[in-house]
Amino acid sequence: MKNILKLLFILSLAILFNACHKEEDLSLSIPVVQAGSLISSENLAGNVKGTMQAGKTYYFDKDITVNDGDTLLMQSGVTLIAVGDGTKDKAPQITVHGTFISLGTKEKPNYITVQNAATYHTEASASKYDNIFKGSWGGILASPAPVTALKPNPKGGDLIIKWTHIEFAGAASYGNDASIYKDGDARYAVYFANIEKDFILEDSWVFGSADDGIRTVGGKISIMRNTFELCGRAGGECFNMKSGTVGDLAYNMLIGSATNALKASNAGGTTIQCNVNMYNNTITNCGFRQTKTGRGGSINYEQGARGLIYNNLISNCRFGLRMTTDADLVNIKYNNQYYYGSTAGILAQFLASDGVAKAQPADIKSATAKDKNPLFFSYNVDQYDYTASPGPIAAALMPAYITTVGAANFSLQASSPGRNKAKTDFTPLAVVKTTGNFGAVITAPGSDIGAYQTDGSGNQH
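Residue numbers (the working numbering): 174 to 634.
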């Protein structure tokens, strides 16, 4: 019996040692994600596929294309520089007919930017925005390839972007993608149009675009925990969704858009209704650069769009929630918004006067100018005293966030009226992939209104 117990003891030690050894091996051998061959040349041109290697810098001065069936992947810590000045033939774009994946991390984010990025950020911190809005490169255009005899049924692919800075895009189009842009029109920082595929944008930054930061014309989306800043010179949204777009937008920080921060419309004529949930976003200083009357400033649902709208913090925006009479009002549910305004004019438009949205019982609203300050941890929401008839206002007069320079913190202080006032008894649509290296990380509704949560969840910027 003693010999058996001794043998069992020795075996158990061996198993324990082996288990510890295997655990150590696993921790030391986390696989590096790679798609196809490693790209060794620092200059990209023409048709591209494969993997941009971690920590390296790459350049492109002409359009590059990811063909149908191909994948272009950025490992962490990659910088991709568009070489151009936004003029004709000097404004390259990334055309994605296949799959594009950028896997930055919190410690090692990726950048898709321009050569003068540091200078432009310094200018922006001094409220000099000419270079921020000029559009130095064409942006990312992701859609299936045109139908040809050789490719009669192109499928396109996914667009998956994590912990990535996308900066200074939106150069004017000169014959680029005539079905999307007219000559001279500003392009979008990101354009996605594939009703069958996923567009996942997580923990990323869209900074300084000439028109819309992002536009989707169909696609399954998950847009989580991002920062959008200074989108649109004199018009344009941070995120503009059209027919066929389905999914979730949550925990985004959106500041300084020309028009709406978020817009949903079923215009476009696809067979799938625009259905987007927008919850737990923080939206501030939006809508004031738009020169046309009757345009929005924060969240806008129109032309047959539907979705859930809860827990959004809307501070000092030209207009609050806007729902037009032609939106799918039967299938739009909304409550628990937090509206703050520093002037009587802003208070008067908490619910846009040219829309039909109504006050809801769980809304929080300033009763007078500067009442119920949201108490951001370190951001002076009243640093610009908007007039009683707000907008249009020149960008140089408006405060912004300046993500790579400023130290603003939009978390709510303990005494904020928005703490523990959110609605949590609903679920995201969660229409995209959520497994594997490329799956979305979807954050459920949080208990605090806005993008930042007391428990540390939500926006991580």
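Using N, Cα and C, we set each Cβ at its ideal position, and we do this for glycine too. For clarity, every value in this text was computed on a predicted model and none was experimentally measured.
Nearest to residue i by alpha carbon, out of the options?
i, options, result
"G311", "K324, A345 and N473", "A345"
"T224", "S275, F306, T432 and F550", "S275"
"I396", "A322, I387 and I368", "I387"
"T272", "K263, E369 and D501", "E369"
"A542", "G609, A561, G441 and F365", "A561"
"N450", "M426, A440, G467 and N485", "N485"
"Q476", "F306, G518, S416 and I519", "S416"
"C411", "P265, L427, N349 and T244", "L427"
"S539", "Q556, A532 and L520", "L520"
"V605", "L570, T577, F380 and D371", "D371"
"T389", "A437, R406 and W336", "A437"
"Q556", "P547, A366, M571 and G405", "M571"
"V269", "A440, T260, V239 and L435", "V239"
"P601", "T608, T616 and G612", "T616"
"S298", "T608, F611 and A573", "A573"
"A639", "N349, T455, K281 and G631", "The requested residue 639 is not part of the displayed model; the chain covers only 174 to 634."
"T577", "Y559, M414 and Y284", "Y284"
"D358", "G259, N413 and V554", "G259"
"G514", "A227, N504, I537 and G219", "I537"
"N448", "E296, N489, M247 and G392", "G392"
"A587", "T337, F401, D621 and G330", "D621"
"F380", "H338, N289 and T295", "H338"
"A440", "V363, A500, G348 and A322", "A500"
"E340", "D234, V205, A290 and L585", "A290"
"G609", "A315, I333 and A227", "I333"
"G257", "V363, D544 and F233", "F233"
"I267", "A315, K229 and S300", "A315"
"K330", "R592, I373, V206 and I505", "It should be pointed out that residue 330 corresponds to Gly in this sequence rather than to Lys. That would be I373, whose Cα lies nearest to the Cα of G330."
Contact check, residue i vs residue j under 8 Å by CB: the rounded distance?
i, j, result
"I254", "V287", "6 Å"
"F599", "Y511", "That belief does not hold up - the Cβ atoms of F599 and Y511 are roughly 17 Å apart, past 8 Å."
"G308", "A342", "6 Å"
"Y302", "L211", "That pair is no contact at about 38 Å."
"P319", "K328", "Going by Cβ atoms, the distance from P319 to K328 rounds to 13 Å, so no, they are not a contact pair."
"N453", "G623", "6 Å"
"P282", "D236", "Rounded, the Cβ-Cβ distance is 25 Å, inconsistent with contact."
"R479", "Q446", "6 Å"
"A227", "G250", "5 Å"
Looking only at its chain, what residues have a beta carbon closer than 6 Å to the beta carbon of residue i, apart from the 5 residues adjacent to it on each side?
i, result
"R491", "G460, F461, G470, P563 and G564"
"Q626", "G619"
"A525", "F492 and R495"
"Y231", "E215, L217, M225 and L253"
"D243", "K222 and G271"
"A530", "L494, M496 and L524"
"R406", "F306 and A383"
"L245", "V221, K222, V239 and F273"
"A603", "I615"
"V419", "K393, N448 and V604"
Can you check DSSP and say which residues form a bridge with residue i?
i, result
"N413", "R388 and K436"
"E402", "F380 and I428"
"Q266", "G312"
"H338", "Y284 and W378"
"I394", "F372 and G420"
"I537", "Y511"
"I472", "L435"
"I254", "Y232 and T286"
"L486", "T455 and Y511"
"N448", "V419 and R479"
"L332", "F273 and F372"
I'd like the list of long-range same chain contacts for residue i, defined as Cβ closer than 8 Å, with 5 residues on each side in sequence excluded.
i, result
"K465", "G408"
"T292", "N304"
"P534", "N508"
"T432", "G405, G408, G409, E410, C459, G460, R462, Q463, R468, G469 and G470"
"D527", "G467, R495 and T497"
"V554", "T457, S488, N489, Y513, S515, N546 and P547"
Tell me which same chain residues have a C-beta within less than 7 Å of the C-beta of residue i, skipping the five on either side of it?
i, result
"Q633", "K279, D376 and R398"
"Y552", "A581, N582 and F583"
"Y354", "S346 and R360"
"A517", "A542 and A561"
"G631", "R398, Y424, N453, T616, G619, A624 and Y625"
"A532", "L524"
"T443", "I368, G391, S416 and G417"
Using the Cβ count rule (16 or more neighbours within 10 Å means buried), how would you classify residue i?
i, result
"F550", "exposed"
"N326", "exposed"
"K261", "exposed"
"A568", "buried"
"S213", "exposed"
"G348", "exposed"
"D628", "exposed"
"A322", "exposed"
"N413", "buried"
"N367", "buried"
"V638", "Because the chain spans 174 through 634 in this model, residue 638 falls outside it and cannot be assessed."
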